[in-house]
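Read the structure below first, then the notes.
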Amino acid sequence: MFDVVAILHWLGPFVLLGLFVIIFAECGLLIGVVLPGDPTLFTAGLLAATAAIDADLWLVCAVVTVAAILGNICGYWVGAKVGPPLFNRPNAKLLHPGQVEKTQRFFEKHGPIAIVLARFIPLGRTLITVVAGIARMDKKKYFFYSTVGGVLWATGVTLLGGLLGQIPWVAANVDTMLLFILFAIATVSIAPIAAEAIKRRRRKQPAEADPAELSESVS
Numbered sequence: 007m008f009d010v011v012a013i014l015h016w017l018g019p020f021v022l023l024g025l026f027v028i029i030f031a032e033c034g035l036l037i038g039v040v041l042p043g044d045p046t047l048f049t050a051g052l053l054a055a056t057a058a059i060d061a062d063l064w065l066v067c068a069v070v071t072v073a074a075i076l077g078n079i080c081g082y083w084v085g086a087k088v089g090p091p092l093f094n095r096p097n098a099k100l101l102h103p104g105q106v107e108k109t110q111r112f113f114e115k116h117g118p119i120a121i122v123l124a125r126f127i128p129l130g131r132t133l134i135t136v137v138a139g140i141a142r143m144d145k146k147k148y149f150f151y152s153t154v155g156g157v158l159w160a161t162g163v164t165l166l167g168g169l170l171g172q173i174p175w176v177a178a179n180v181d182t183m184l185l186f187i188l189f190a191i192a193t194v195s196i197a198p199i200a201a202e203a204i205k206r207r208r209r210k211q212p213a214e215a216d217p218a219e220l221s222e223s224v225s
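Under my numbering, the sequence shown has 175 at position 169, and the numbering climbs by one with no breaks.
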């Protein structure tokens with residue numbers, strides 16, 4: 007696991023540039039498994055609020071938010087450009103035109119909420135933007151909700167680190183707090199998706215027959 011505190015201290019006067027590169031890459035370059043987005047934001051907010059790095063909290067929030075938005079725009083472009091050749095391969099099994107149609111229907115129905123919630127799911131925020139590009143989700147709608155999600159995620163998690171970081175126990179137990187924050191974020195983000203999946207499954211199940219109708223049919 008990355009030692010985010012050590013990395014941010016190591017960056018020194020280039021900490022804002024380093025933060026921009028990390029968040030941009032995680033949101034748009036399909037390497038979300040490698041780069042720790044949530045811990046980076048939370049820790050950057052904590053260190054900025056306690057003057058442990060040479061950057062004001064408001065400036066850190068601005069930099070990471072812009073990086074998150076531009077990263078997702080890049081991811082959309084990658085999906086739009088790279089996606090069609092992958093799906094048009096004659097022997098494609100998983101990546102075939104039928105999957106594109108399903109994905110397009112998904113974004114027509116759930117696109118906005120999916121784009122916003124995916125911001126708070128590690129790896130999800132990287133994949134959803136590429137998939138949106140592959141499905142050719144409406145650009146204006148995508149960019150709007152991507153911006154909303156970027157502000158809520160990047161600014162929100164950074165400010166959370168800044169606020170909680172001023173509590174002595176939190177500052178002394180950053181790793182424990184990060185695990186708790188990550189679990190809470192994942193739970194809150196996945197809950198609406200899980201609830202929708204359960205509703206859909208129930209709707210697909212055949213309704214139970216009325217006992218009165220059964221007795222009539224038997225008689």
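Every residue, glycine too, gets a C-beta built ideally from N, C-alpha and C.
- For I29, the closest of F186, T164 and R207 by C-alpha to C-alpha distance is T164.
- One Cα belongs to V21, the other to I204, and the distance between them is close to 44 Å.
- Assigned with DSSP and collapsed to three states, P118 falls in helix.
- CA-to-CA, the gap between V122 and G156 works out to about 8 Å.
- Pairing G77 with T135, the inter-Cα distance amounts to about 9 Å.
- For L17, the enclosing alpha helix (DSSP H) starts and ends at V10 to L17.
- Per DSSP, L158 lies in no alpha helix (DSSP H) and is assigned neither H nor E.
- In the displayed model, R131 falls within a helix according to three-state DSSP.
- Excluding residues up to 5 positions away in sequence, T161 and T164 lie with their Cβ nearer than 6 Å to the Cβ of C67 in the same chain.
- Less than 8 Å separates the beta-carbon of G139 from that of A86.
- Per the coordinates, the alpha-carbon of G43 lies some 9 Å from the alpha-carbon of C33.
- Taking the Cα of T56 as reference, the smallest distance to any Cα among F186, L170, F150 and P118 is reached at L170.
- Beyond the five residues adjoining it in sequence on each side, W175 comes within less than 6 Å, by CB distance, of no other residue in the same chain.
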